[in-house]
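Data block below; observations after.
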């Protein structure tokens, strides 16, 4: 089962931080029971697509299913450069293995760093209910961002299903950029810069 939340960005910091620091700030807020502070890392633009109250409710249901966050570990990092006019930047995908009271999962944070400098921003957040190989998880995320249908094998007997109402999808900076580019009949260029 795959639970995805694409986020539209975060409030800029005074100076650019390493991508891991921004993601781990979010995780530490959640670990300390400060979900409201965690989502403050997201931009007002995100809340225009998915209201803050709905986000908090969904996060609450998600954490009822998994329990409290106990620990996390960075598993994989991948960088991709987006050369589109509106959202150009280096996108760093950070995959964390996250241990909760009831179950482990994977969470992927997409951190955008503008080309030429500027503040980093949290551009996406995916919560994956089942632990899979990092490259397979990124492949699913990239397909979803490209608008492809992603079919997944369901486990024969899930421990406890996530209620349908908790599955949330909003738009990430990359998706907005891709939609704008398609409207202009020009797709953003991406190139892999490191793994």
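Residue numbers (this note's numbering): 5 to 199.
Every residue, glycine too, gets a C-beta built ideally from N, C-alpha and C.
- Rounded to whole angstroms, the separation of the alpha carbons of residue 94 and residue 77 is 22 Å.
- The beta carbons of residue 105 and residue 72 sit closer together than 8 Å.
- For residue 119, the number of other beta carbons within 10 angstroms of its own is below 16, and it is reported as exposed.
- When C-beta atoms of the region 143-151 are compared with those of the region 51-70, fewer than three pairs fall below 8 Å, so the two segments do not count as touching.
- Boundaries of the beta strand (DSSP E) harbouring residue 84: 73-86, taken from the DSSP string.
- Bounds of the alpha helix (DSSP H) holding residue 145 are 138-149.
- For residue 95, the enclosing beta strand (DSSP E) starts and ends at 93-104.
- For residue 115, DSSP records a beta bridge to 96 and 126.
- Taking C-beta atoms as the reference points, residue 39 and residue 60 count as a pair closer than 8 Å.
- Nearest in C-alpha terms to residue 138, of all of 108, 122 and 82, is 82.
- Beta-bridge analysis with DSSP links residue 38 to no other residue.
- In the DSSP secondary-structure assignment, residue 109 is bridged to 102.
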